[in-house]
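Asks:
Protein chains: 2
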Amino acid sequence: MVDGAKVCKFGNNLLFFHYICAAFNHYYIITGGFYRTNKNMKPSIPKGTRDFGPAEMARRNYILDTIRSVYALYGFQQIETPAMENLSTLMGKYGEEGDKLLFKILNSGDFMKGINAEDINESSTGHLAAQLCEKGLRYDLTVPFARYVVQHREELQLPFRRYQVQPVWRADRPQKGRYREFFQFDGDVIGSDSLLNEVELMQIIDEVFSRFGVRVCIKINNRKILSGISEVIGAADKIVDITVAIDKLDKIGLENVNAELSADGLTAEQIAALQPIISLEGSNDEKLATISKVLSSSESGCKGVEEIRFIMDQLKQLNMHNAVELDLTLARGLNYYTGAIFEVKALDVQIGSITGGGRYDNLTGIFGMPGISGVGISFGIDRIFDVLNQLEAYPQAITTATQLLFVNFGASEAAYAMKALAEVRKAGIRAEIYPDAVKMKKQMQYANARQIPFVALAGESEMAAGSFTLKDMKTGEQKSVTTSELTNICK
Amino acid sequence: MVDGAKVCKFGNNLLFFHYICAAFNHYYIITGGFYRTNKNMKPSIPKGTRDFGPAEMARRNYILDTIRSVYALYGFQQIETPAMENLSTLMGKYGEEGDKLLFKILNSGDFMKGINAEDINESSTGHLAAQLCEKGLRYDLTVPFARYVVQHREELQLPFRRYQVQPVWRADRPQKGRYREFFQFDGDVIGSDSLLNEVELMQIIDEVFSRFGVRVCIKINNRKILSGISEVIGAADKIVDITVAIDKLDKIGLENVNAELSADGLTAEQIAALQPIISLEGSNDEKLATISKVLSSSESGCKGVEEIRFIMDQLKQLNMHNAVELDLTLARGLNYYTGAIFEVKALDVQIGSITGGGRYDNLTGIFGMPGISGVGISFGIDRIFDVLNQLEAYPQAITTATQLLFVNFGASEAAYAMKALAEVRKAGIRAEIYPDAVKMKKQMQYANARQIPFVALAGESEMAAGSFTLKDMKTGEQKSVTTSELTNICK
Chain U
1 MVDGAKVCKF GNNLLFFHYI CAAFNHYYII TGGFYRTNKN MKPSIPKGTR
51 DFGPAEMARR NYILDTIRSV YALYGFQQIE TPAMENLSTL MGKYGEEGDK
101 LLFKILNSGD FMKGINAEDI NESSTGHLAA QLCEKGLRYD LTVPFARYVV
151 QHREELQLPF RRYQVQPVWR ADRPQKGRYR EFFQFDGDVI GSDSLLNEVE
201 LMQIIDEVFS RFGVRVCIKI NNRKILSGIS EVIGAADKIV DITVAIDKLD
251 KIGLENVNAE LSADGLTAEQ IAALQPIISL EGSNDEKLAT ISKVLSSSES
301 GCKGVEEIRF IMDQLKQLNM HNAVELDLTL ARGLNYYTGA IFEVKALDVQ
351 IGSITGGGRY DNLTGIFGMP GISGVGISFG IDRIFDVLNQ LEAYPQAITT
401 ATQLLFVNFG ASEAAYAMKA LAEVRKAGIR AEIYPDAVKM KKQMQYANAR
451 QIPFVALAGE SEMAAGSFTL KDMKTGEQKS VTTSELTNIC K
Chain B
1001 MVDGAKVCKF GNNLLFFHYI CAAFNHYYII TGGFYRTNKN MKPSIPKGTR
1051 DFGPAEMARR NYILDTIRSV YALYGFQQIE TPAMENLSTL MGKYGEEGDK
1101 LLFKILNSGD FMKGINAEDI NESSTGHLAA QLCEKGLRYD LTVPFARYVV
1151 QHREELQLPF RRYQVQPVWR ADRPQKGRYR EFFQFDGDVI GSDSLLNEVE
1201 LMQIIDEVFS RFGVRVCIKI NNRKILSGIS EVIGAADKIV DITVAIDKLD
1251 KIGLENVNAE LSADGLTAEQ IAALQPIISL EGSNDEKLAT ISKVLSSSES
1301 GCKGVEEIRF IMDQLKQLNM HNAVELDLTL ARGLNYYTGA IFEVKALDVQ
1351 IGSITGGGRY DNLTGIFGMP GISGVGISFG IDRIFDVLNQ LEAYPQAITT
1401 ATQLLFVNFG ASEAAYAMKA LAEVRKAGIR AEIYPDAVKM KKQMQYANAR
1451 QIPFVALAGE SEMAAGSFTL KDMKTGEQKS VTTSELTNIC K
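Listed in order, the protein sequences are those of chains U and B.
Each residue of the first sequence is one higher than the one before, starting from 1 at the first, in our numbering.
Each residue of the second sequence is one higher than the one before, starting from 1001 at the first, in our numbering.
1. Whose CA, out of U/159, U/178, U/162, lies closest to the CA of residue 168 of chain U?
2. Count the other CB atoms, across all protein chains shown, that sit within 10 Å of the CB of residue 161 of chain U; report buried if there are 16 or more and exposed otherwise.
3. Helix or strand or just coil, what does DSSP make of residue 1336 of chain B?
4. Within a Cβ cutoff of 7 Å, which residues of the same chain sit near residue 1347 of chain B, ignoring the five residues on either side of it in sequence?
5. With H, G and I counted as helix, E and B as strand and the rest as coil, what does DSSP make of residue 244 of chain U?
6. Does any CB atom of chain B fall closer than 7 Å to the CB of residue 402 of chain U?
7. Interface residues of chain B around residue 192 of chain U at Cβ under 8 Å?
8. Here's the rule I'm using: 16 or more other beta-carbon atoms within 10 Å means buried, otherwise exposed. How should residue 1042 of chain B be labelled?
9. Residue 1104 of chain B: buried (16+ other C-beta within 10 angstroms of its C-beta) or exposed?
10. If you draw a straight line from the alpha carbon of residue 96 of chain U to that of residue 1044 of chain B, how long is it in whole angstroms?
11. Can you grab the Cα-Cα spacing for the pair residue 1128 of chain B / residue 171 of chain U, in whole Å?
12. Who does residue 1399 of chain B pair with in a DSSP beta bridge?
13. Less than 6 Å between C-beta atoms, sequence neighbours within five positions excluded: which residues of the same chain meet that for residue 1452 of chain B?
14. When you compare the region 193 to 202 of chain U with the region 60 to 69 of chain U, are there three or more beta-carbon pairs, one atom per stretch, that lie closer than 8 Å?
15. Across which residues does DSSP place residue 1497 of chain B in a beta bridge pair?
16. Return yes when the Cβ of residue 284 of chain U is within less than 7 Å of the Cβ of residue 328 of chain U, no when it is not.
17. Quick one: measure Cβ to Cβ for residue 1349 of chain B and residue 1324 of chain B, integer angstroms, because I've assumed they're closer than 8 Å.
18. Going along the region 1055 to 1085 of chain B in order, which residues come within less than 7 Å of chain U, judged by CB to CB distance?
19. Do you know offhand how far residue 473 of chain U's Cα is from residue 1158 of chain B's?
20. Quick check for students: name the residue ranges of the alpha helix (DSSP H) that lie wholly in the region 1053 to 1100 of chain B, counting only runs of 4 or more.
21. Taking the runs of the beta strand (DSSP E) that are 3 residues or longer, which of them lie wholly in the region 1110 to 1147 of chain B?
22. Would you verify that the beta carbon of residue 52 of chain U is, or is not, closer than 7 Å to some beta carbon of chain B?
23. Name the two residues that bound the continuous alpha helix (DSSP H) containing residue 1383 of chain B.
24. At 4 residues or longer, and completely inside the region 1206 to 1251 of chain B: list those alpha helix (DSSP H) runs for me, N to C.
25. If we define contact as Cβ-Cβ less than 7 Å, is residue 1106 of chain B a contact residue for chain U?
26. Assuming residue 279 of chain U is part of the beta strand (DSSP E), what are its boundary residues?
27. Quick check: the region 376 to 387 of chain U against the region 421 to 436 of chain U, are there 3 or more CB pairs under 8 Å?
28. Nearest-angstrom Cα distance between residue 307 of chain U and residue 374 of chain U?
29. Please go through the region 252 to 305 of chain U and give each complete alpha helix (DSSP H) segment of 4 or more residues, from N-terminal end onward.
30. Answer with buried or exposed for residue 461 of chain U, where buried requires no fewer than 16 other C-beta atoms within 10 angstroms of its C-beta.
31. Since I believe residue 430 of chain U is in contact with residue 1075 of chain B (beta carbons under 8 Å), could you give me their beta-carbon distance rounded to a whole number of angstroms?
32. Express the C-alpha separation of residue 337 of chain U and residue 305 of chain U in angstroms, rounding to a whole number.
33. Taking only three categories from DSSP, how would you classify residue 1151 of chain B?
34. As a quick exercise: from U/434, U/112, U/102, pick the residue whose alpha carbon is nearest that of residue 140 of chain U.
35. Does residue 1211 of chain B have its Cβ less than 7 Å from a Cβ in chain U?
36. Could you check which residue in U/150, U/142, U/155, U/173 has the C-alpha nearest to that of residue 499 of chain U?
Right under this line is the structure:
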């Protein structure tokens, strides 16, 4: 047997190898067996990652294709960025905690070169990781997008509407519904301050969920209103504490929110001033009227009210399928968002937000390109998948599974079937032949297990007549048909 | 400003953050700056990786969607596996060289825990890497597929036809046309020995390239014929040398091939016996007749001839668009393939194989599940992309770019346009409004740069008349239209 290096070094052509594994026991020994595969142990995948089988893929593709086609209607263009980014691009962008959650890639070749005892004994593993690793896996789509914009600034036409759907990786503790590899689906408009962008993003959200047949509530807030609130009660430095507390209203109730505000150092007077805001109720217009009064002395607050009003007024003209609701308890991403904040809740399923987003300033500042602001949303693909599963909201037609199986009775029958197969496929029918001439029972079991709705049979008599016997697997009904009748029935 | 950990620890909700980077200068300092971003330096991506912009994405999506839809017609089902696999799954499967080319992921948390001076001083970096890393990036789609089959054996219905299109990563030296992150597009049928699978894979290849409008030659060989050849000349142990030498015929010529065979230890008699094989010419049937005679004493050889003949005979009945050619110099992947070997060459572009594959035994043996054989092909997406680019073979209709731009003259004009926008989008027109009411000239420049074919304008007079002025950007022609006329013209 030839040695490993020789077989594997076909250079460019590696692309085309279909490895068979038996041959590799050999190298396995050479390699020294640092990573032993126990032949009796079922192989597994890293925790927090997933395989997607055919049924899941059909559903996920339906979700992604739906969102994609809505984005396209709104003039958004797709980009993709590499899974690996330089760590200099990623580090320091997600907070200290985020840096720890980045998956780092060991430098290839002699990764220990130039590392000395001092580096190893250094108490911070961060320092050593920086010596061992230059690259890391994408943690989200926003930082790579910012990097993309700066790197390709000469080719880009602003305003730039991009969407991007790719996996991201985080070394988070895996738990139900939280994965270490998961998909994000982001859409952003950068290089424009116009609120029409906010309006269009809400239309996109509305259209996507309407196509999914999922009833949602689109919640909107504005960072400037939150700033205005803390300003008018004289606690501008407490904006984060206030919004974090307000955000908990649903979970802990008014009394506890007030207790928390007090613990945060707000005076009884300030907390009292906050009450109309915390307990805000009524229609969007009523809420805006109340807020507008409370915030009349704050420039920022008034601007926020005006922005929300503009968006609401526009949307009123545009026949939205779902309700849009002003929600001051929406404070998520507060340190990132500078204007609008969005969040989408499913009405008929108990689950966290399924989409979110907002307006931000200075996307690309950290890469030396100031003045690029934008607004964006992120569809939570995994949760949307869960929602559609729970509601069984997938259309019948999304499957790309086989519609017709030809039974294989032997060489000449198979050759006869192969010609018909070519014809029905030309007509767009997804069809296959059972490749081996095994017992009829086994072939029918296969058709059942694969849920193939029609089975075509041809033995000597059918071949003589130029026909097929077509069996409807649901009803059990059989009839004699020509190839073109076969096509029409399967359609 | 709140501290990093607090802001970033919204748990599940991280999903919805649109980070703005300015806020992070703060953490950047906390983190200690091991990875400095120089604000004046243009950020870049790791060598051997690529960004795909909107135009490339449209072309790549066209390629992938075309192949996907052909696979679906043949009853193939899509799966996806995680980018990260356990290194115990990957190591030892690609030869010693391959092990070195695997991208390994540094364990998260305290990756130095349990590592002592001995480990560090060990001469082999492989040993230390095994301590530092438990996971690696997918190197191809075949080993993850084998792992998938074993892990999900209970759910799988054999024969199983799967296709998979995902990126793979290799720490190869990057060069023109060779990347460290690239896409593979594999299709395999496992759990069936029937040659109908080979026939269908060749039909799939034929159909895919016919849809692309690319003329190709599909080359086929059979491992059993190659075994038979070395057997009948009495050099069964030299099969690899012989096929490697034959493979070079095109590049180095007959004389040098013979010299190499001699250097490999073949006698003059053996080399003489090989001549009819090396210099084989004529139609497929003529070639098969010659080989059949030479190999009549070899059981394996006769089986190989019979297999090729079966495949060729079937294909003759099936109206292929492209020629299929028996090519004995095709020896690629010899250590993996046990039966048919395929390779596809473009006829009108100078480039290596653009698709390849073959039949293999024992896909899953290394994971403790013997007896699963199969046959598969891999489309070389990057090369196919290059071929279509060179031939300018992309259909006009593949773009998902904007068809219609509404000019923005101000608040009330924009509101008027937004209503029409909703209508044309409902009719499937990809349309946008310039979000800011900037100078007309700038908006028209944007339309030009984006190559948007139609621009709609509405000022006071159009609004009064309920119409738009539609400009054809190619001809410069303008006319007054209603919203529904707008839709029809853009369609």
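Quick reminder that beta carbons are idealized off the backbone N, C-alpha and C, glycines included.
Replies: Taking the definition as stated:
1. Mapped onto the first sequence, residue 168 of chain U falls at position 168. Per the Cα distances, U/178.
2. Numbered from 1 along the first sequence, position 161 holds the residue referred to as residue 161 of chain U. With 16 or more other Cβ atoms within 10 Å, it is buried.
3. As a position in the second sequence, residue 1336 of chain B is number 336, starting the count at 1. DSSP places residue 1336 of chain B in coil when its eight states are reduced to three.
4. Here residue 1347 of chain B refers to the residue found at position 347 when the second sequence is read from its first residue. These residues qualify, in order along the chain: 1215, 1216, 1217.
5. By one-based count along the first sequence, residue 244 of chain U stands at place 244. Residue 244 of chain U falls in the helix class under three-state DSSP.
6. Counting from one through the first sequence, the residue named residue 402 of chain U turns up at place 402. Output row for residue 402 of chain U: interface = yes.
7. Here residue 192 of chain U refers to the residue found at position 192 when the first sequence is read from its first residue. Chain B residues near residue 192 of chain U: 1435, 1436.
8. Counted from its first residue, the second sequence places residue 1042 of chain B at position 42. Under this definition residue 1042 of chain B is an exposed residue.
9. By one-based count along the second sequence, residue 1104 of chain B stands at place 104. In summary, residue 1104 of chain B is buried, with 16 or more beta-carbon neighbours lying within 10 Å of its beta-carbon over all protein chains present.
10. Locating residue 96 of chain U in the first sequence gives position 96, counting from the first residue. Locating residue 1044 of chain B in the second sequence gives position 44, counting from the first residue. Going from the Cα of residue 96 of chain U to the Cα of residue 1044 of chain B covers about 23 Å.
11. The residue labelled residue 1128 of chain B in the question sits at position 128 within the second sequence. The residue labelled residue 171 of chain U in the question sits at position 171 within the first sequence. So the alpha carbons of these two residues sit roughly 21 Å apart.
12. As a first step, residue 1399 of chain B is located in the second sequence; it is residue number 399 there, counting from the start. For residue 1399 of chain B, no pairing in a beta bridge is given by DSSP.
13. For this step, residue 1452 of chain B is matched to residue 452 along the second sequence. So the qualifying residues of the chain are 1402, 1405.
14. No, because fewer than three Cβ pairs between the region 193 to 202 of chain U and the region 60 to 69 of chain U fall closer than 8 Å, the two stretches do not touch.
15. The displayed coordinates of chain B run from 1001 to 1491. Any statement about residue 1497 of chain B would go beyond what the structure contains.
16. As a position in the first sequence, residue 328 of chain U is number 328, starting the count at 1. As a position in the first sequence, residue 284 of chain U is number 284, starting the count at 1. Cβ atoms of residue 328 of chain U and residue 284 of chain U: not closer than 7 Å.
17. As a working note, residue 1349 of chain B is residue 349 in the second sequence. As a working note, residue 1324 of chain B is residue 324 in the second sequence. About 19 Å; that fails the 8 Å criterion.
18. 1057, 1072, 1073, 1074, 1075, 1077, 1078, 1079, 1080, 1081, 1082, 1083, 1084, 1085: these are the residues of the region 1055 to 1085 of chain B whose beta carbon lies less than 7 Å from some beta carbon of chain U, given in chain order.
19. As a position in the first sequence, residue 473 of chain U is number 473, starting the count at 1. As a position in the second sequence, residue 1158 of chain B is number 158, starting the count at 1. Distance between the alpha carbons of residue 473 of chain U and residue 1158 of chain B: 19 Å.
20. Taking only runs of at least 4 residues, the alpha helix (DSSP H) segments lying wholly in the region 1053 to 1100 of chain B are 1054 to 1073, 1087 to 1090.
21. If we require 3 residues or more, the beta strand (DSSP E) runs fully inside the region 1110 to 1147 of chain B come out as 1133 to 1137.
22. If you number the first sequence from 1, residue 52 of chain U lands on position 52. Taking Cβ atoms only, chain B reaches closer than 7 Å to residue 52 of chain U, which makes this a yes.
23. Taking the second sequence and counting its residues from 1, one reaches residue 1383 of chain B at position 383. That run of the alpha helix (DSSP H) goes 1381 to 1391.
24. Scanning the region 1206 to 1251 of chain B from its first residue to its last, the whole alpha helix (DSSP H) runs of 4-plus residues come out as 1223 to 1232, 1239 to 1247.
25. On the second sequence, residue 1106 of chain B is found 106 positions in, with the first residue counted as 1. Yes, residue 1106 of chain B counts as interfacial toward chain U.
26. Stepping through the first sequence from its first residue, residue 279 of chain U is reached at position 279. Per DSSP, residue 279 of chain U belongs to no beta strand (DSSP E) and is neither H nor E.
27. Contact between the region 376 to 387 of chain U and the region 421 to 436 of chain U is absent, with fewer than three C-beta pairs closer than 8 Å.
28. Translated into the one-based positions of the first sequence, residue 307 of chain U becomes position 307. Translated into the one-based positions of the first sequence, residue 374 of chain U becomes position 374. One Cα belongs to residue 307 of chain U, the other to residue 374 of chain U, and the distance between them is close to 15 Å.
29. Every unbroken stretch of the alpha helix (DSSP H) spanning 4 or more residues and falling wholly within the region 252 to 305 of chain U is given here in chain order: 268 to 278, 284 to 294.
30. In the first sequence, the residue the question calls residue 461 of chain U occupies position 461. With fewer than 16 other beta carbons inside 10 angstroms of its own, residue 461 of chain U counts as exposed.
31. Along the second sequence, read from residue 1 onward, the residue named residue 1075 of chain B stands at position 75. Along the first sequence, read from residue 1 onward, the residue named residue 430 of chain U stands at position 430. Indeed, because the Cβ distance is near 6 Å, the residues count as touching under 8 Å.
32. For the purposes of this step, residue 305 of chain U is taken as the residue at position 305 of the first sequence. For the purposes of this step, residue 337 of chain U is taken as the residue at position 337 of the first sequence. So the alpha carbons of these two residues sit roughly 16 Å apart.
33. The residue given as residue 1151 of chain B occupies position 151 in the second sequence. If DSSP states are grouped into helix, strand and coil, residue 1151 of chain B belongs with the helices.
34. Locating residue 140 of chain U in the first sequence gives position 140, where the first residue counts as 1. With distances taken between Cα atoms, residue 140 of chain U lies closest to U/102.
35. If you number the second sequence from 1, residue 1211 of chain B lands on position 211. Output row for residue 1211 of chain B: interface = no.
36. Look at the range of chain U in this structure, 1 to 491, and you will see that residue 499 of chain U is not part of it.
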